[in-house]
Amino acid sequence: MELGRATLLKEQQLKDQFDNLEKHTQSGIEFVERYSKFVKERSDIEISYAKQIRNLSKKYQPKKNSREEEENKYTSCRAFLSTLNELNDYAGQHEVIAENLTSQIITELSRYLTELKAERKSHFHDGRKAQQQIESLWKQLESSKRRFERDCKEADRAQQYFERMDADINVTKADVEKARQQAQMRHQIAADSKTEYSNYLTKFNQEQNEHYYTLIPNIFQKLQEMEERRIERVGVSMKTYAEVDREVLPIVGKCLDGMTKAAESIEPKTDSKQVVESYKSGFEPPGDVEFEDYGPGQTMKRTVSETSLSNSRGEAKERPGGGKSKGKLWPFIKNKNKGSGPEDFSHLPPEQRRKKLQAKIDDINKDIQKEMDQKDALTKMKGVYEKNPQMGDPASVDPRLVEMAMNIEKLQSEVQKFEGWLAEVEGRLPSRSDPPRRQSGLYESQNSNSTMVDNNCAQDRESPDGSYTEEQSSETQVKVAIANTPEFDDEFDDGDEETLPTIGTCKAVYSFEGHNEGTISVTEGELLFVIEQDKGDGWTRIRRNEEEEGYVPTSYVEVFLETNTKGAMTYI
């Protein structure tokens with residue numbers, strides 16, 4: 369009985385140990401999960417910080433076509449731009465930290481936690497199974513023990529009954545023999561129960577010895593090794609956490625070195641020279657002010673304004689050809705010109721105006737080169753389509769080629785316009801006159817042979833509002849002379865002109881945005897009335913209704929003239 373109590377006590381103690389180990393290992397798993405969550409939040413902070421740094425760098429980047437972009441010629445502004453770029457790279461390193469934390473710690477710990485939970489579950493399952501098995505053997509032993517005890521008691525009662533029957537003279541011999549056989553049977557059953565009990569006891573002792581000295585120690589050893597690996601894994605993750613930061617330090621140091629180098633590249637004298645060069649007016653200093661004597665009957669000259677140096681000295685001077693010259697801007701005299709100013713930059717001093725015009729010409733030339741490159745590429749594509757029709761329709765490229773040709777002509781005319789103003793500033797040409805008006809059909813018909821190009825696009829022509837749409841030729845001065853004749857003025861004086869009759873209809877082949885004065889916008893497929901056909905300048909005058917009429921490029925419409933005018937002629 370004492371042995372049984374000791375066994376039950378050990379079983380209870382062992383069960384308590386399993387409960388304690390289960391709680392401890394669960395706490396270890398929760399610690400790993402907590403550490404993984406900590407690294408995840410650190411990674412999120414790094415990503416957020418990198419995003420804010422990038423947004424800050426982007427926010428202070430110079431805007432295109434703005435004053436800030438123009439200021440990049442100064443070393444201090446370039447240094448600040450370099451600092452912003454280095455700051456952007458610095459933000460990238462924080463993104464690298466976040467990526468490495470995710471890939472090297474968070475992902476690995478997540479996978480390890482899955483394996484750890486599965487291993488822990490397996491070990492405790494083996495422990496519970498061993499406990500259930502030893503408890504089952506103990507129950508079998510107790511059952512055989514109780515059966516042996518019961519059979520022994522039954523055998524004793526049967527023996528006592530036989531002895532009473534054998535001593536009683538009144539009992540028949542048959543009853544005595546029957547009692548004797550019953551007693552022998554009970555003794556045999558008791559002997560068998562004793563043997564069974566002995567076997568169960570031997571088996572239980574063996575299983576118990578293996579349970580306490582082999583199975584359970586092995587399970588505890590595996591749990592201990594699992595716990596040690598968990599602790600070691602956490603230590604490796606913590607070391608990786610520090611290494612992730614250490615790996616980016618060299619690049620972060622280079623970013624900081626770049627910022628330092630940018631700061632050291634600032635040259636105050638160079639910047640001040642840039643300011644002088646940018647705002648140099650090109651004006652000559654004024655001459656001495658003459659002394660005006662006062663005498664009887666004499667009146668001293670009065671300036672336009674007695675309170676402004678620029679008004680008193682600049683606006684009173686007459687040009688040789690008549691009219692007053694523009695007031696010159698001197699240091700510390702406020703410029704009254706606000707906004708972007710006229711297109712020819714005539715509001716600027718000569719030197720600044722020359723620089724602006726030259727920069728404008730360079731920009732337009734870049735656009736021309738870009739358009740020409742695209743046109744060459746489309747022309748080559750069209751040639752490929754013509755050789756291999758299965759690759760595409762060559763006619764599908766024509767509208768784009770026409771549009772590019774018109775864009776190139778318009779840009780070339782813009783270049784010539786600005787070159788004329790530049791020549792005026794540099795003294796190569798006289799002052800520019802007013803822009804010529806739309807040329808007459810008579811002149812255009814005389815030059816039609818020399819002004820036609822591919823796709824029926826006319827060169828050396830102007831849009832209805834007087835602005836050039838194609839490259840000017842050497843005959844520009846002749847055109848201007850013709851445009852200044854009375855016949856030209858009478859032909860295109862629309863102020864008192866009566867409503868022109870309709871001479872045909874047309875259909876818009878392409879959409880056209882009429883931004884210039886005298887033009888009209890049309891959409892593809894729209895039907896309109898023709899009131900004046902193309903006179904060789906590439907423009908057709910159309911009417912939508914009684915209030916809307918204007919010019920459109922002839923190549924953009926398909927014209928159907930009435931037979932009573934010039935027959936059924938069609939322009940595509």
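Okay, so the sequence shown: first residue is 369 according to the working numbering, each after it adds one.
We treat Cβ as the ideally placed atom computed from N, Cα and C, and that holds for glycine.
The structure presented is a predicted model; accordingly, all values stated were derived computationally and were not measured.
CB contact flag (residue i, residue j, <7 Å)
i, j, result
"residue 639", "residue 444", "yes"
"residue 484", "residue 575", "no"
"residue 919", "residue 893", "no"
"residue 870", "residue 899", "yes"
"residue 642", "residue 441", "yes"
"residue 612", "residue 468", "yes"
"residue 568", "residue 508", "yes"
"residue 890", "residue 897", "no"
"residue 404", "residue 477", "yes"
"residue 414", "residue 466", "yes"
"residue 623", "residue 454", "yes"
"residue 929", "residue 882", "no"
"residue 516", "residue 562", "yes"
"residue 594", "residue 510", "no"
"residue 590", "residue 491", "yes"
"residue 732", "residue 782", "yes"
"residue 789", "residue 712", "yes"
"residue 768", "residue 746", "yes"
"residue 564", "residue 512", "yes"
Cross-strand partners of residue i (DSSP beta bridge)
i, result
"residue 874", "896 and 927"
"residue 890", "880"
"residue 907", "921"
Where residue i sits in the DSSP three-state scheme
i, result
"residue 657", "coil"
"residue 570", "helix"
"residue 858", "Confidence is the limiting factor: at residue 858 the pLDDT is only 43, short of 50, which leaves the residue's position unreliable and the question unanswerable from this model."
"residue 476", "helix"
"residue 519", "helix"
"residue 469", "helix"
"residue 464", "helix"
"residue 609", "helix"
"residue 494", "helix"
"residue 442", "coil"
"residue 543", "helix"
"residue 913", "coil"
"residue 716", "coil"
"residue 753", "helix"
"residue 419", "helix"
"residue 868", "coil"
"residue 429", "coil"
"residue 529", "helix"
"residue 940", "No answer about residue 940 holds up, because its pLDDT of 41 lies below 50 and its placement is not dependable."
"residue 885", "coil"
"residue 662", "coil"
"residue 710", "coil"
"residue 385", "helix"
"residue 901", "coil"
"residue 729", "helix"
Q) Does the stretch 543-558 come close enough to the stretch 521-531 to have 3 or more Cβ pairs within less than 8 Å? A) yes
Q. For the stretch 651-661 against the stretch 447-461, are there 3 or more C-beta pairs whose distance is under 8 Å?
A. no
Q: Inspect the CB distances between the stretch 528-536 and the stretch 586-593 and report whether three or more fall short of 8 Å.
A: no
Q: Check whether the stretch 539-553 touches the stretch 494-513, taking contact to mean three or more Cβ pairs, one atom from each stretch, closer than 8 Å.
A: no
Q) Do three or more CB pairs link the stretch 471-478 to the stretch 591-611 at distances below 8 Å? A) yes
Q: Inspect the CB distances between the stretch 709-719 and the stretch 745-765 and report whether three or more fall short of 8 Å.
A: no
Q) Where in the stretch 608-648 do unbroken runs of the alpha helix (DSSP H), each at least 4 residues long, occur, reported from the N-terminal end onward? A) 636-646
Q: Count the C-beta pairs between the stretch 767-784 and the stretch 738-751 that are closer than 8 Å, then say yes if the count reaches three, no if not.
A: yes
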